[in-house]
Every structure is written in C-alpha cells, then in structure tokens.
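Quick notes on the structure that follows.
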Amino acid sequence: MLRRVFLLSIVWWACGASAQSQSVEERIARVENGLLAPVAVRDAPPQTMRLEERMRELHVPGVSIAVINHGDIEWARAYGVMDVRTGRPVTTGTLFQAASISKPLAAVTTLRLAAQGKIHLDEDVNRRLRSWQLAAGQPVTPHALLSHTAGLPENGLPGYGSGEPQPSLLQVLRGAPPATTPPAAVQTPPGSQYGYSGLGYAVLQQYLMDATQKDFTTLARQQVLAPLRMHDTVFAPDLPAGLAQRAATGHELDGSPVAGNWRRYPELTAAGAWSTATDLARFAIAIQRAAQGKDTRLLTQQQAATLLTPVQNGYGLGFELDHAGKEQAFHHSGSNAGYKALLFAYTRTGQGAVILTNGDYGWPLIEELMRSIAAEYGWEDYRPLQRSAVAANPALHDRFIGDYSVSNITLRIHRDGERLYASAPPLGPAPVELIAAGDYDYFIREKDATVRFHPEGNGPVQTLTFTDGRERPGKRKTAGTGPAQADF
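Here the sequence shown stands for residues -19 to -1, 1 to 469, where the numbers follow mature numbering (1 follows the signal peptide of the UniProt record, and there is no 0).
Have a look at this one:
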C-alpha cells in the first residue's frame, strides 16, 4: 500500500512539474512573439512583433534574457549569434559588456567595504587617496560619488580600441594622454545637484584601491561576485583568452562588428563589467531579498535601504529608482560601443528582468522586450502610451514631403501611397510610419515622439516641430525622396 502511495506521489509530482514546465514555455513563447512598441493606437488591436524579426530589422545579432518571478529566475534564454562573421550561437553563458550596470555592482562592493570598516561612506575621499588627489575645494564623499552628486564632469566614456594606446586609470583621472576624457575635477559644489558622471565612478575606483591596497577586479570578486556565485562575471578592460572565446562581439548600428570586437574601458567601476543575464539576475535577486530582510548575507536590510533610497533626481547609490506605480523599482541601463543592456527589478514583488544585447540598436529592442515581459507578467511599468488616431488626409502629404534640419540630423519625410513616413538615424534603421492625430499632427509608434507641420499658405510646408521629450524645431532643406542622412 505504501509503495503504491509512493508511486502515485511520483506520478503526481511529475505531472505537476510537466504542467509547470509547459506553462513557462508558453510564457516564453508569448514574450518572444509579443514585443510592443512604445506607443499604441487607442481602441485598436495591439500590434505585436516577433523577437527574431526585430533583431534582424535592428541589426542586433545577439540577445540574452533572464526573467525573475516569485524571487527566483523563472527562465533564461539566449538568441542569435555572438559574432556575425562566425555565426557562433549565443548561449546563456555568453559574456556581454554590462556597461553602466557596472555601477550598481561597484556600489554594493563599496557598501560591503564600509560595513567592514575599511572605508566610510561620509569621509572625504582625499583622506585615503594616495596615488592622486581630487581637485575639489570641498570634501567629496563616496556617498556623493555613488549618487552622482559630487559635482564631477557629466561626460560619457568612449572606451579605447584594440589598436589604440590604453590609458591607465591614473591617466584617465589626470586627463593625461592617451586618455581622451577631461581631468576628474569638481566643477559644481558637491551635494548641490545631480550630474551623471562616469568619471565620478573612476574616482571611486581609485579611492577603493588606495584604501584597501587591492585592485578593483579583486575587490569586486571578493565582496560581490564570489558570495553570489557570479562565476561568469568579471571586471576587466580586456578579457583573458579563455573568457574572450565566450564573449559576444559588439556590433555597430549597421550590424558590422566593432573594430577589434569591442572597446576597452579602464574605468571598471563605471563601465568595465562583463557578465551574463543570469548572473546579473542573481545580483538583482540578492538585493530584493536583502531589502525584504529575507537574506542578509550580501547586504543587511539597512544597507539595502541605503542603496535604494533616492538622493537626487531619483538616483540612489548606483541605481535609478522609480515609483511609477505602487511598487518601487530599481534599475540601471548600460550603453557601451556595440552593447546595450538593462537590469530592472521590483524591490518587493520578487519580479524583474535582465536583457543584454550586442548591437548598437539594442536599446529599442530591449524596451520592446520589456513591454512584452511586463504584459505577460502583469507589471505596472513598461505599458505602451495610448494615443488617439484619426483618418489621414493624403491630399496634404505632398506638402510635407522633403528633408528638414532638426537639431543636428536630417529628418526625411516621404510617402508610400497614402501612407506618410519619417526617416532619421535616431528613429532606427528603417522608415517609421507617421500616424495622423490631425491634419497637421502626427505621432510615431516606434518612439514616443510627435511631428507637427506648420502650414503657411498652400505651398510646401517650410517648418515643423519634432517633439521627443523636448521640442525640436525643424526647417525645410530640400524636397528629397531618398534615405535620410545624418548631419553629424
């Protein structure tokens, strides 16, 4: 009798596990086939897109995804190829440049060192800087560097090609050749305002190394990566041969490989992490569990609260923070040459996702995927904006056709039959349809942007306004019909 009950239990468990597996597979399929644009037409059926098609259209060769649900990684999948030249498939173990997602990893490393008494979040960094001193005039603290309130330059980090001279971190901080960025020096009073600064995190890197007499790669491994078993994550400006074989090549906007496969970033704390979606999902889960007081091996609940408390402009220590709905979300995007990435997680619900790509048009693809994931899992964030459409007046279209100078690009307006299209590099590699909201007002599904034409008389329109978060006036250049060209 006991044997029969035992066998029935095995059968019941197997059936339950099989049903659960099928349910997850069905969810994955819906996510893969349910990509959504940022804007939807009100009262119209949603227009979904397929991941494979969007990767091809946006010239993004490879994608890696990990989805967090109920506080665990529910699924992880990889798509496409590591390099268009070799055709090697991306796997969940393929390494991508995590770019600025390096900053949250550096922030947690810093908090752990502070908890061990090796540094103090509110001390002047110059107290421990031995190899170089920050020109500040006022005390600059690790807390200010982590929250981008230290007053350092708001500059990007371009990285360095494989054939270019590689600067040391000290050369970067001094702005000395072969570094191509300005010196790290305080420009505004510390604490007075938010200013996103990769150089600020480079200062933090030198501070941590001087304070501990260890290189940052070792510090990150000891403090974060090893405790979380993030064995596929490393901080390095370049990869050793063994790891380089597992790394995805970065790709330009047109889908061609980045020269030398990728650019090198000596500013490890700001942009130098290589990782997988699965490893970064483990990191996000550890922060969720610490914030909830469920697992405090990485951070105490109080440390997690410090990490996730907004300082200025919705930025905490290493993370951007949002309260779009009832639930707080912590997240960070990443953008290195040839790579785009996102880590997004809810503090309390145990949900989130990590998406890594190896293409410069990866960002629109990431957002389309996030809307698909959000729709499948019922998130409050990443819902398409609803806009009302009206029937277009094709008789007016010929007045709109032409090239317009908008900011530093050429926006080309053209038609195909009774449909009106816009082309410009920021809109993606293919023309996007303009949806009529009025005779002279249009919006774009692929980007939260609108176009308003300003008629004068009955001739060709000479000016327009392109709005994508800010109003950008445009002036007619020519009556063109070919592809848009950038005026960079």
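Note that the Cβ used here is the ideal one computed from N, Cα and C, for glycine as well.
Using the Cα positions of residue i and residue j, report the straight-line distance between them to the nearest angstrom.
| i | j | result |
| --- | --- | --- |
| Ala411 | Leu346 | 14 Å |
| Gln168 | Pro134 | 7 Å |
| Arg227 | Asp24 | 46 Å |
| Gly142 | Thr90 | 28 Å |
| Gly438 | Gly409 | 33 Å |
| Gly455 | Val442 | 11 Å |
| Trp255 | Pro221 | 12 Å |
| Ile49 | Glu55 | 6 Å |
| Glu361 | Ala262 | 20 Å |
| Pro436 | Gly450 | 23 Å |
| Thr330 | Leu289 | 15 Å |
| residue 487 | Ala160 | No answer is possible for residue 487: it lies beyond the span of the chain, which begins at -19 and ends at 469. |
| Glu248 | Trp113 | 15 Å |
| Tyr358 | Leu127 | 32 Å |
| Ala122 | Glu145 | Per the sequence presented here, residue 122 reads as Thr, with Ala not at that position. Answer to the nearest angstrom: the Cα atoms are 33 Å apart. |
| Ser4 | Gly68 | 31 Å |
| Arg245 | Leu445 | 41 Å |
| Asp468 | Tyr60 | Model confidence at Asp468 stands at a pLDDT of 36, short of 50, so the residue's coordinates are unreliable; what they give is reported in the following sentence. Taking the straight line from one Cα to the other gives about 34 Å. |
| Gln119 | Gln174 | 14 Å |
| Met30 | Arg37 | 12 Å |
| Met190 | Arg396 | 58 Å |
Under 8 Å, do residue i and residue j count as touching if we go by C-beta distance?
| i | j | result |
| --- | --- | --- |
| Gln194 | Leu150 | no |
| Val71 | Ala229 | yes |
| Ala285 | Ala272 | yes |
| Ala157 | Ala334 | no |
| Ile394 | Leu401 | yes |
| Ala80 | Gly315 | yes |
| Ala125 | Pro164 | no |
| Thr257 | Asp213 | yes |
| Lys42 | Val12 | The sequence given here has Pro at residue 42, not Lys. It is not a contact, given that the beta carbons lie outside the stated cut-off. |
| Gly319 | His232 | yes |
Could you check what DSSP says for residue i in three-state terms: helix, strand or coil?
| i | result |
| --- | --- |
| Tyr402 | strand |
| Glu427 | coil |
| Gln3 | helix |
| Lys458 | strand |
| Pro19 | coil |
| Leu154 | helix |
| Arg453 | strand |
| Asp105 | coil |
| Thr287 | helix |
| Lys84 | helix |
| Tyr188 | helix |
| Ile416 | strand |
| Asp444 | Going by the sequence as given, residue 444 is Thr instead of Asp. It is a strand residue. |
| Phe(-14) | Confidence in Phe(-14) is poor, its pLDDT being 41 and thus under 50, which makes the residue's placement unreliable; the coordinate value appears in the next sentence. Helix. |
| Gln204 | helix |
| Lys30 | The sequence as given places Met at residue 30; Lys does not occur at that position. Reduced to three states, the DSSP call for Met30 is strand. |
| Val44 | strand |
| Gln293 | strand |
| His124 | helix |
| Gln174 | coil |
| Val(-9) | Residue placement at Val(-9) is poorly supported in this model, since its pLDDT is 44, which falls under 50; the coordinates are not used for a value here. |
| Leu220 | coil |
| Ala25 | coil |
| Gly179 | helix |
| Val432 | strand |
| Arg58 | strand |
| Ala95 | helix |
Is there at least one Cβ from chain C nearer than 8 Å to residue i's Cβ?
| i | result |
| --- | --- |
| Arg426 | This model lacks chain C altogether; it includes just one protein chain. |
Is it the case that the CB of residue i approaches a heavy atom of the ligand HEM more closely than 7 Å?
| i | result |
| --- | --- |
| Leu288 | No copy of the ligand HEM occurs in the structure displayed, which carries no ligand at all. |
Looking at C-beta atoms only, is the number of pairs between the region 332 to 343 and the region 376 to 389 that lie closer than 8 Å three or more? no
Which parts of the region 226 to 276 are runs of the alpha helix (DSSP H), unbroken and 4 residues or longer, counting only runs that do not cross its ends? 249 to 252, 258 to 272
Counting Cβ pairs, one atom from each stretch, are 3 or more of them under 8 Å apart for the region 414 to 423 and the region 362 to 375? yes
Report yes or no: do three or more beta-carbon pairs, one from the region 11 to 20 and one from the region 350 to 365, lie closer than 8 Å? yes
Is it true that the region 162 to 180 meets the region 119 to 133, where meeting means three or more beta-carbon pairs spaced less than 8 Å apart? yes
Continuous alpha helix (DSSP H) assignments of at least 4 residues falling wholly in the region 312 to 399: 343 to 358, 378 to 381
I want to know whether the region 79 to 87 touches the region 298 to 305 - three or more CB-CB distances under 8 Å. yes
Should the region 190 to 204 be called in touch with the region 237 to 248, which here means at least 3 C-beta pairs below 8 Å? no
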